[in-house]
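Peer 1: Just dropping this structure here.
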Amino acid sequence: MKRSKKMMLTTMVLLSTTAQLAHAANDGKWMIRARALGVIPQESSSITPIGGKAKVDNSVVPEVDFSYFFTPNIAAELILATTPHNVKAKGTGLGTVDVGSAWLLPPTLTLQYHFTQFQDFKPYVGAGINYTIFYNEDSGALSSVHYKNSFGGALQMGVDIPVHDNWNLNLDVKKIWIDTTANFNNGGVIADVNINPWVMGVGIGYRF
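When you read off a place in the sequence shown, starting at 1, and then add 5, the result is the number in the working numbering.
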């Protein structure tokens, strides 16, 4: 009986120590994540003078982000990803027009609050800004195209799930506001486009 009690006590101490070590491993100042992102535009637009609406397709891309924890609850996150998108003008006076494609580079900086009262998962919310750069523009059926770079806001929510030592599984959702003015045919056609994508991410993180 005494031996059984001693074994139970030893097991409890070992489990407690393991849990404390796992918790400590996830208390570093830095976290690096690698995620797969689904970028789903929620566009609205106006096109002058041909009318119609711009349609921006979805994209799936890899992403890397870096977080720094000022306190156990407060962190800043910088995400780095670039996404290709094809664009069409639908319902215009000329029917559906292929207006080419462009790559977007929207580095986004958010300030986050991490909830630390849960042992098995660590949810967080955040808000910040993005600056979107358009490059590798292709005019499609038109003679020329230029997209204007822009600033916008960002909101996010997500969760880190500790899986082993410093490693975490991450799920993340962001709403990013991106608006641009697209100039086609040397100014002959102008489109004001709000892209405003939802960005869904899943990946792994390492905290140190």
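Glycine residues also receive a C-beta, built at the ideal position from the N, C-alpha and C atoms.
Specify the secondary structure class of N63 as computed by DSSP and reduced to three states.
Peer 2: As a first step, residue 63 must be located in the sequence shown, where it is residue number 58. In the structure shown, N63 sits in coil (DSSP, three-state: anything other than H, G, I, E or B).
Peer 1: Can you tell me whether A94 is buried or exposed? The criterion is at least 16 other CB atoms within 10 Å of its CB, across all chains shown.
Peer 2: Your numbering for residue 94 matches position 89 in the sequence shown. Classification for A94: buried.
Peer 1: Which full runs of the beta strand (DSSP E) of 3+ residues lie inside the segment 121-171, going along the chain?
Peer 2: You should have 127-143, 150-152, 155-169.
Peer 1: Run the CB neighbour count on I138, radius 10 Å, all protein chains shown included, and call it buried at 16 or more, exposed below.
Peer 2: Position 133 of the sequence shown holds residue 138. Label assigned to I138: exposed.
Peer 1: Quick check: what's the CA-CA separation for S64 versus N141?
Peer 2: Within the sequence shown, numbered from 1, the residue matching residue 64 stands at position 59. Within the sequence shown, numbered from 1, the residue matching residue 141 stands at position 136. When rounded, the distance between both Cα atoms is 16 Å.
Peer 1: Is N173 buried or exposed, if buried means 16 or more other CB atoms sit within 10 Å of its CB?
Peer 2: Taking the sequence shown and counting its residues from 1, one reaches residue 173 at position 168. Buried, by the Cβ-count rule.
Peer 1: Name, in chain order, the residues that DSSP records as bridge partners for G96.
Peer 2: For the purposes of this step, residue 96 is identified with residue 91 of the sequence shown, where counting begins at 1. Beta-bridge pairing links G96 to no other residue.
Peer 1: Would a C-beta distance cut-off of 7 Å place N201 and Q47 closer than the cut-off?
Peer 2: Reading the sequence shown from its first residue, position 196 is the one you call residue 201. Reading the sequence shown from its first residue, position 42 is the one you call residue 47. In contact: N201 and Q47 (Cβ atoms closer than 7 Å).
Peer 1: Would T101 and V44 be called neighbours here (beta carbons separated by less than 7 Å)?
Peer 2: Looking up residue 101 in the sequence shown gives position 96. Looking up residue 44 in the sequence shown gives position 39. No, these two residues do not count as a Cβ contact at 7 Å.
Peer 1: My guess is that G145 and G105 are in contact by the Cβ rule of under 8 Å, so how many angstroms apart are they, rounded?
Peer 2: Position 140 of the sequence shown holds residue 145. Position 100 of the sequence shown holds residue 105. Correct: roughly 3 Å between the Cβ atoms.
Peer 1: Here's the rule: buried if 16 or more other CB atoms are within 10 angstroms of the residue's CB, otherwise exposed. What is I37?
Peer 2: As a working mapping, residue 37 is identified with position 32 in the sequence shown. Looking at its Cβ environment, which holds fewer than 16 other Cβ atoms inside 10 Å, I37 is exposed.
Peer 1: Between the alpha carbons of L176 and H169, how many angstroms are there, rounded?
Peer 2: The residue labelled residue 176 in the question sits at position 171 within the sequence shown. The residue labelled residue 169 in the question sits at position 164 within the sequence shown. Near 16 Å, if we compare the C-alpha coordinates of H169 and L176.
Peer 1: Would A196 be called buried (16 or more neighbouring beta carbons within 10 Å of its own) or exposed?
Peer 2: Within the sequence shown, residue 196 is the residue found at index 191, counting from 1. When all chains shown are included, A196 counts as buried.
Peer 1: Rounding to the nearest angstrom, what Cα-Cα distance links T16 and Q122 in this structure?
Peer 2: What you label residue 16 is simply residue 11 of the sequence shown in a count that begins at 1. What you label residue 122 is simply residue 117 of the sequence shown in a count that begins at 1. Low local confidence applies: a pLDDT of 45 at T16 is under 50, so the model's placement there is unreliable, and no value is given.
Peer 1: Quick check on Q124: buried or exposed, where buried means 16 or more other Cβ atoms within 10 Å of its Cβ?
Peer 2: Translated into positions along the sequence shown, residue 124 becomes position 119. Q124 should be labelled exposed.
Peer 1: L109: which of V194, D184, I166 sits nearest, CA to CA?
Peer 2: By one-based count along the sequence shown, residue 109 stands at place 104. That would be D184, whose Cα lies nearest to the Cα of L109.
Peer 1: Is it buried or exposed for N78, if we count other Cβ within 10 angstroms and need 16 for buried?
Peer 2: Against the sequence shown, residue 78 aligns to sequence position 73. It is exposed - the Cβ of N78 has fewer than 16 other Cβ atoms within 10 Å.
Peer 1: Excluding sequence positions up to five away, which residues of its chain have a Cβ less than 7 Å from the Cβ of A80?
Peer 2: For this step, residue 80 is matched to residue 75 along the sequence shown. Excluding positions up to five away in sequence, the list reads S72, Y73, F74, Q117, H119.
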